[in-house]
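Numbering (this note's numbering), first residue to last: 158 to 202.
Just so you know, even glycine gets a beta-carbon here, dropped at the ideal spot from N, CA and C.
Remember, predicted model here, so these are calculated numbers, not experimental data.
First up is the structure itself, then whatever we jot down about it.
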Amino acid sequence: RFPPNIRKRFFTVRVTEHWHRLPGEVVESPSLEIFESHLDMVLGN
158 RFPPNIRKRF FTVRVTEHWH RLPGEVVESP SLEIFESHLD MVLGN
């Protein structure tokens, strides 16, 4: 049996929360290069 809160530690659950917080222009980037550029701007890098 799994502890009741084990799902919180699943990779997909943790990543999904962050993904939904990203602005639309980042999520809908047409290429990986543009996605990375937008992500850097959003994260302040």
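Checklist line | First and last residue of the uninterrupted alpha helix (DSSP H) at Phe167 | finding: From DSSP, Phe167 is part of no alpha helix (DSSP H); its letter is neither H nor E.
Checklist line | Helix, strand or coil at Glu185 [DSSP, three-state] | finding: In the structure shown, Glu185 sits in coil (DSSP, three-state: anything other than H, G, I, E or B).
Item checked: Sequence-distant residues of the same chain with beta carbon closer than 6 Å to Phe192, five excluded per side -> Taken in chain order, the residues that qualify are Ser186.
Next item on the list: Note down, in chain order, each residue of its chain lying with its Cβ closer than 6 Å to the Cβ of Leu196, except the 5 sequence neighbours on either side.
Entry: So the qualifying residues of the chain are Val183.
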